[in-house]
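A.B. asks: Quick note on numbering: my numbering labels position 333 of the sequence shown as 387, and the sequence is numbered without any gaps.
No residue lacks a Cβ here, since even glycine has one placed at the ideal position from N, Cα and C.
Please see the structure below; I have some questions.
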Amino acid sequence: MAKQVPDEEGPAPIAAEQRARDEKRESIEPVTVENVDEDEPKLHKPATAFDVLTHTIHLNDDPTLSAITFRSLVLGLGLSVFGGVLSGIFYFKPQFVSIPAVFIAVVAFLLGEAMARLLPRQGKIGRFLNPGPFNVKEHLAITIMANAASTSALGLEIVSAERLYYDRRFSGAITFFMLMSSQCIGYGMAGLMRRTMVYPAAMLWPSNLPINTMLERLHSRAPSNRKPFRVFLYVFLGIFFWEIIPQWICPLLTGISVFCLANRNSPTFTNIFGGAEGNEGLGLFSICLDWQYISGGQSPLYFPVSSLISQGIGITGCIVLFIGVYYSNIWDAKKFPFLSQLIFSDDSTAGNPVEWNQTAAIGPDGKIDLAAAAQLGLPNFSASNVLNVLLTNMCIAAAITHLILWYPTEIKAAFRFLNPRRVLASINSVKARLGRSSDAPPADRESTSEAHYDPHYLLMQNYKECPDWWYGIVLVLSAAVGLIIIYQSSSTLPWWGFFVALLVGYCHLLIFGSMQGITGVSFTIQSIIQMIGGYMRPRFPIANMYFSLYSYNSLLQGVLLAKDLKLAQYGHLAPRTTFCMQMVGTVVGAGLNYVMANSIIDNQADILRSVQGTNIWSGAITQQFNAQAVTFGGFPHELFSVGAKYQWVPLVTFLGFLAPVPFWLAHRRWPRLGLDLINTPVIMFYLCYLNLGINSSVMTFFAAGFAAQWYVRRRHPNIFVKYNYLVSAALDGGTSVMVFILSFAVLGASKAAVKFPNYWGNPANGHIDYCYKASDS
Numbered sequence: 055m056a057k058q059v060p061d062e063e064g065p066a067p068i069a070a071e072q073r074a075r076d077e078k079r080e081s082i083e084p085v086t087v088e089n090v091d092e093d094e095p096k097l098h099k100p101a102t103a104f105d106v107l108t109h110t111i112h113l114n115d116d117p118t119l120s121a122i123t124f125r126s127l128v129l130g131l132g133l134s135v136f137g138g139v140l141s142g143i144f145y146f147k148p149q150f151v152s153i154p155a156v157f158i159a160v161v162a163f164l165l166g167e168a169m170a171r172l173l174p175r176q177g178k179i180g181r182f183l184n185p186g187p188f189n190v191k192e193h194l195a196i197t198i199m200a201n202a203a204s205t206s207a208l209g210l211e212i213v214s215a216e217r218l219y220y221d222r223r224f225s226g227a228i229t230f231f232m233l234m235s236s237q238c239i240g241y242g243m244a245g246l247m248r249r250t251m252v253y254p255a256a257m258l259w260p261s262n263l264p265i266n267t268m269l270e271r272l273h274s275r276a277p278s279n280r281k282p283f284r285v286f287l288y289v290f291l292g293i294f295f296w297e298i299i300p301q302w303i304c305p306l307l308t309g310i311s312v313f314c315l316a317n318r319n320s321p322t323f324t325n326i327f328g329g330a331e332g333n334e335g336l337g338l339f340s341i342c343l344d345w346q347y348i349s350g351g352q353s354p355l356y357f358p359v360s361s362l363i364s365q366g367i368g369i370t371g372c373i374v375l376f377i378g379v380y381y382s383n384i385w386d387a388k389k390f391p392f393l394s395q396l397i398f399s400d401d402s403t404a405g406n407p408v409e410w411n412q413t414a415a416i417g418p419d420g421k422i423d424l425a426a427a428a429q430l431g432l433p434n435f436s437a438s439n440v441l442n443v444l445l446t447n448m449c450i451a452a453a454i455t456h457l458i459l460w461y462p463t464e465i466k467a468a469f470r471f472l473n474p475r476r477v478l479a480s481i482n483s484v485k486a487r488l489g490r491s492s493d494a495p496p497a498d499r500e501s502t503s504e505a506h507y508d509p510h511y512l513l514m515q516n517y518k519e520c521p522d523w524w525y526g527i528v529l530v531l532s533a534a535v536g537l538i539i540i541y542q543s544s545s546t547l548p549w550w551g552f553f554v555a556l557l558v559g560y561c562h563l564l565i566f567g568s569m570q571g572i573t574g575v576s577f578t579i580q581s582i583i584q585m586i587g588g589y590m591r592p593r594f595p596i597a598n599m600y601f602s603l604y605s606y607n608s609l610l611q612g613v614l615l616a617k618d619l620k621l622a623q624y625g626h627l628a629p630r631t632t633f634c635m636q637m638v639g640t641v642v643g644a645g646l647n648y649v650m651a652n653s654i655i656d657n658q659a660d661i662l663r664s665v666q667g668t669n670i671w672s673g674a675i676t677q678q679f680n681a682q683a684v685t686f687g688g689f690p691h692e693l694f695s696v697g698a699k700y701q702w703v704p705l706v707t708f709l710g711f712l713a714p715v716p717f718w719l720a721h722r723r724w725p726r727l728g729l730d731l732i733n734t735p736v737i738m739f740y741l742c743y744l745n746l747g748i749n750s751s752v753m754t755f756f757a758a759g760f761a762a763q764w765y766v767r768r769r770h771p772n773i774f775v776k777y778n779y780l781v782s783a784a785l786d787g788g789t790s791v792m793v794f795i796l797s798f799a800v801l802g803a804s805k806a807a808v809k810f811p812n813y814w815g816n817p818a819n820g821h822i823d824y825c826y827k828a829s830d831s
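Dropping the structure here:
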């Protein structure tokens, strides 16, 4: 193993390393965009996390720039409407398509520059409409607002599941407030935890780096930034035109499998080496040349090496584990598909899986009918789905131990707002603002000497902070609305279950929000939350769905807020502006998500209930959510308690708590081994990562990631800090724009798909990578 970087974006375990970072922070000097050119002092060491934070995103700010202007409000609202409509549509697509923030940022820049050049500037009206050049603060505010609106509200899962499977439809007001309350609860939680998930330098939030780097280069008029801008433009245009080929002309480039080309008649080869289509196989040694699938919204160029190493270990273990369990026929694996998210009947046989008839087992009151269920038998998972839930449990437990061992300072900060003195100070501050007290203490401000805080946080001291009570009010009001909603909607979730859901969501947000901030890995843990809800309220699938809504959805929305707060911190956008933009974007997005969901369900209900769907519409996401609610919410004891078929799913949690300890102890004993780069929660998360989706991109993902973060970062650190995240943004942005155009032009998003003529690169039948398909025989 090559010599490790001591300041890598990994854990900070020992006092000596902490003192080294303290000394660096005390000697920091701002680096402006203008002096970063070909003549700047070169870095003669591998680029560390500190270099990334101070060179890739420069420590300079202009507090006089206005973020709230006519342009930013019009474009922010317009792109929020655009994103809210699209995210509502894409939720019901055969392949879920997210709207990356970099795509929004590119469109915002083009429209902002157009308004700055075309709108009049003379007179009071002109100065109001067009106050000058389109600036980076406006751009960032637009991006944050539209990004909040462009994330599909997970409440759509309940809206669609209840209409499709329970024939229940509520008024627009109840549904809208259900969506709003579940999202804003997460915002309130994350806002109170920003000292843990946003301010520290350890919380790098790698996915923000390409966006912030792109914004700096796009808005810099300095001569030294002409070359980086040209690089961005060339890469953007290159990937833009390239994506036409793998997306439409030659789909074979999605996954080139030499093994499947050599043997087209082996189901085993398909399971192991296939992966160019959803749930096809594990994609071992496949080569993917489609950046949409290589990146998937999470570019390999921004993951730190510590995260890539842990991901690679996990993926390797996943391949071995899935193959071993399936071909050993554990949990009757061979009776069911190799990869699948559905639930199956005991009547299934090898090669002929039979879906479990959940409609017959659920009574009109939404409760499991035990007599009907006894005739059907218990539902069954595919082996890959069992491993997914089992390893998710271990991942959660390992993440708790990992954070306690490696990040005790940040964990303490997460609960600092509960300190009675801080609570009293906040109350006195509110009284002072209301004119009830004239001797209130000054607003609490974090000490700028906090050694573990991001250096960009120091520049944010020029702006008024959002007080904790703002986020507290959002949390309390949203919880009150949510409590009303669970009774008005006949959710069968009791009031105490609602508060347990909030507590579970808060704890998981602290754990996995922090983990995502450190590693860049977006953890998916909905299944374990639904299991917790099932044990708490067995036999009630609908209650389980609402438990997940106010727990898991709150977690995801909290992560979104924390991520955007870090985006604003890197871009030095005023915290109160960020708060307002987030809230407005959320309201717009939730409303339009609801409108689009109802319209699509009204017109496509039969297709959404079908297993296959069409090439335009699919209810796969809703089907999976409903199936897990029925399984975890309906039969938690029969399926997962000690002595049941899947008893090890909850029992392995105890092993998860112990998993990080050996690495932590070994690192303290032998710090030069680089064991601080091993992140056990990430490993466990990736041990089940290939359980669904298109997997042919995995090998190319790691090749690109290690080429950037291992080779370029160590051998050419100046090139890395100047171009890596800029190129990442250009690749994601160009890909997103072309995929959006192709979706509506030829791929069937708005009309019948226009297929490219069939030939060897676009086969008419079977898998596009020529792996064996049962229907071919």
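Closest to Y743 by CA distance: which of I579, Y517, V775 and Q176 is it?
C.D. replies: Sequence index remark: in the sequence shown, residue 743 carries index 689 (1-based). With distances taken between Cα atoms, Y743 lies closest to I579.
A.B. asks: If contacts are defined as beta-carbon pairs under 8 Å, then F392 and Y380 qualify, I think. What distance do you get, rounded to the angstrom?
C.D. replies: By one-based count along the sequence shown, residue 392 stands at place 338. By one-based count along the sequence shown, residue 380 stands at place 326. With 8 Å as the limit, F392 and Y380 qualify as a contact, their Cβ atoms being about 6 Å apart.
A.B. asks: Contact defined as beta carbons within less than 8 Å: I believe H456 pairs with P714. What is the distance between those atoms, to the nearest angstrom?
C.D. replies: For the purposes of this step, residue 456 is taken as the residue at position 402 of the sequence shown. For the purposes of this step, residue 714 is taken as the residue at position 660 of the sequence shown. That belief holds up - the Cβ atoms of H456 and P714 are roughly 4 Å apart, short of 8 Å.
A.B. asks: On the DSSP bridge assignment, give the partners of N406 in chain order.
C.D. replies: Translated into positions along the sequence shown, residue 406 becomes position 352. Paired residues: T403.
A.B. asks: Would you list the residues sitting across from I299 in a DSSP beta bridge?
C.D. replies: Within the sequence shown, the letter at position 245 stands for residue 299. Answer is none; I299 lacks a bridge partner.
A.B. asks: Please go through the stretch 533-569 and give each complete beta strand (DSSP E) segment of 3 or more residues, from N-terminal end onward.
C.D. replies: Those beta strand (DSSP E) runs which fall completely within the stretch 533-569 and span 3+ residues do not exist here.
A.B. asks: So within the stretch 131-179, which uninterrupted alpha helix (DSSP H) runs reach at least 4 residues, ignoring any that extend past its ends?
C.D. replies: With a minimum length of 4 residues, the continuous alpha helix (DSSP H) runs that stay inside the stretch 131-179 are 155-172.
A.B. asks: On the three-pair Cβ rule with 8 Å, is the stretch 178-194 touching the stretch 624-641?
C.D. replies: The answer is yes - the stretch 624-641 touches the stretch 178-194, with three or more Cβ pairs under 8 Å.
A.B. asks: With DSSP run on the structure shown, which of helix, strand or coil describes I416?
C.D. replies: Residue mapping note: residue 416 aligns to position 362 of the sequence shown, counting from 1. DSSP places I416 in strand when its eight states are reduced to three.
A.B. asks: Return the CA-CA distance between V752 and T118, expressed in angstroms with no decimal places.
C.D. replies: As a working note, residue 752 is residue 698 in the sequence shown. As a working note, residue 118 is residue 64 in the sequence shown. If I take the Cα positions, the gap works out to 45 Å.
A.B. asks: Please state the DSSP three-state secondary structure of P771.
C.D. replies: Translated into positions along the sequence shown, residue 771 becomes position 717. DSSP places P771 in helix when its eight states are reduced to three.
A.B. asks: Go to K617, then tell me how far its alpha helix (DSSP H) extends in each direction, as first and last residue.
C.D. replies: For the purposes of this step, residue 617 is taken as the residue at position 563 of the sequence shown. Here the alpha helix (DSSP H) through K617 covers S608 to G625.
A.B. asks: Considering N325, what are the terminal residues of the alpha helix (DSSP H) in which it resides?
C.D. replies: Along the sequence shown, read from residue 1 onward, the residue named residue 325 stands at position 271. Note, N325: alpha helix (DSSP H), P321 to F327.
A.B. asks: Excluding the five sequence neighbours on either side, which residues of its own chain have a C-beta within less than 6 Å of the C-beta of M792, listed in chain order?
C.D. replies: Counting from one through the sequence shown, the residue named residue 792 turns up at place 738. Once the five neighbours on either side are set aside, the close Cβ partners of M792 are F294 and E297.
A.B. asks: Please report the Cβ distance between Y648 and L233, rounded to the nearest whole angstrom; I am assuming they are in contact, meaning their Cβ atoms lie under 8 Å.
C.D. replies: Mapped onto the sequence shown, residue 648 falls at position 594. Mapped onto the sequence shown, residue 233 falls at position 179. Indeed, because the Cβ distance is near 6 Å, the residues count as touching under 8 Å.
A.B. asks: Under three-state DSSP, which class holds N853?
C.D. replies: Look at the range of the chain in this structure, 55 to 831, and you will see that residue 853 is not part of it.
A.B. asks: How is N442 classed by DSSP in three states: helix, strand or coil?
C.D. replies: The residue given as residue 442 occupies position 388 in the sequence shown. Helix at N442.
A.B. asks: Thinking S236 and Y604 are a contact (beta carbons under 8 Å), I'd like their distance in whole angstroms, please.
C.D. replies: One-based indexing of the sequence shown puts residue 236 at position 182. One-based indexing of the sequence shown puts residue 604 at position 550. About 6 Å separates the two Cβ atoms, so the contact holds.
A.B. asks: In three-state terms, what does DSSP make of N652?
C.D. replies: Locating residue 652 in the sequence shown gives position 598, counting from the first residue. In the structure shown, N652 sits in a helix (DSSP, three-state: H, G or I).
A.B. asks: Do M251 and G571 count as a contact pair if the criterion is CB distance below 8 Å?
C.D. replies: Locating residue 571 in the sequence shown gives position 517, counting from the first residue. Locating residue 251 in the sequence shown gives position 197, counting from the first residue. For G571 and M251, yes; Cβs fall inside 8 Å.
A.B. asks: Once you ignore the five residues that flank Q611 on each side, which residues in its own chain have a CB closer than 7 Å to its CB?
C.D. replies: Stepping through the sequence shown from its first residue, residue 611 is reached at position 557. Only Q237, G240 and Y241 meet the Cβ criterion.
A.B. asks: Thinking Y826 and N333 are a contact (beta carbons under 8 Å), I'd like their distance in whole angstroms, please.
C.D. replies: Residue mapping note: residue 826 aligns to position 772 of the sequence shown, counting from 1. Residue mapping note: residue 333 aligns to position 279 of the sequence shown, counting from 1. About 14 Å separates the two Cβ atoms, so there is no contact after all.
A.B. asks: Is the beta carbon of A597 closer than 8 Å to that of G687?
C.D. replies: Within the sequence shown, residue 687 is the residue found at index 633, counting from 1. Within the sequence shown, residue 597 is the residue found at index 543, counting from 1. Yes, the Cβ-Cβ distance between G687 and A597 is below 8 Å.
A.B. asks: In chain order, what residues of the same chain lie with their CB nearer than 8 Å to the CB of V156, ignoring the 5 residues before and after it?
C.D. replies: As a working note, residue 156 is residue 102 in the sequence shown. Same-chain partners within the cutoff: P264, I265, M268, A783, D786, G787 and S790.
A.B. asks: Checking the sheet assignment: what are the DSSP bridge partners for I310?
C.D. replies: What you label residue 310 is simply residue 256 of the sequence shown in a count that begins at 1. According to DSSP, which records beta bridges pairwise, I310 is partnered with I341.
A.B. asks: Would you kindly work out how many angstroms separate the C-alpha atoms of A761 and G366, rounded to a whole number?
C.D. replies: Counted from its first residue, the sequence shown places residue 761 at position 707. Counted from its first residue, the sequence shown places residue 366 at position 312. Computed Cα separation, rounded: 14 Å.
A.B. asks: Hey, how far is the Cα of S274 from the Cα of S204?
C.D. replies: Position 220 of the sequence shown, counted from the first residue, corresponds to residue 274. Position 150 of the sequence shown, counted from the first residue, corresponds to residue 204. So the alpha carbons of these two residues sit roughly 27 Å apart.
A.B. asks: Locate the alpha helix (DSSP H) running through S214, then write down its first and last residues.
C.D. replies: In the sequence shown, residue 214 corresponds to position 160, counting from 1. First-last of the alpha helix (DSSP H) with S214: G209 to Y219.
A.B. asks: If you measure between the beta carbons of F327 and S340, is that distance less than 8 Å?
C.D. replies: Here the question's residue 327 lines up with position 273 in the sequence shown. Here the question's residue 340 lines up with position 286 in the sequence shown. Taking 8 Å as the Cβ cut-off, F327 and S340 qualify as a contacting pair.
A.B. asks: Taking 8 Å as the limit between beta carbons, can you name the residues of its chain near A170, skipping five residues before and five after?
C.D. replies: As a first step, residue 170 must be located in the sequence shown, where it is residue number 116. Only R125, N184, G186, P187 and F188 meet the Cβ criterion.
A.B. asks: Per DSSP, which residues does Y507 bridge with? Please list them.
C.D. replies: Here residue 507 corresponds to residue number 453 of the sequence shown, with the count starting at 1. DSSP output for Y507 lists P254 as bridge partner(s).
A.B. asks: Please list, in chain order, all residues of the same chain as P84 whose beta carbon is under 6 Å from its beta carbon, the five residues on each side excluded.
C.D. replies: Against the sequence shown, residue 84 aligns to sequence position 30. Reliability fails at P84, whose pLDDT of 37 lies under 50, so the model's placement of it is uncertain and the value that follows must be treated cautiously. Contacts found: L113 and N114.
A.B. asks: Okay, do the stretch 441-448 and the stretch 697-715 touch, 3+ Cβ pairs below 8 Å being the bar?
C.D. replies: Yes, the stretch 441-448 is in contact with the stretch 697-715.
A.B. asks: Relative to the alpha-carbon of F290, which residue among V160, F566 and A404 has its alpha-carbon at the smallest distance?
C.D. replies: On the sequence shown, position 236 is the one that residue 290 refers to. Nearest option by C-alpha distance: V160.
A.B. asks: Measuring alpha carbon to alpha carbon, tell me which residue in Y288, A451 and A427 is nearest L712.
C.D. replies: Residue mapping note: residue 712 aligns to position 658 of the sequence shown, counting from 1. If we check each option's Cα against that of L712, A451 comes out closest.
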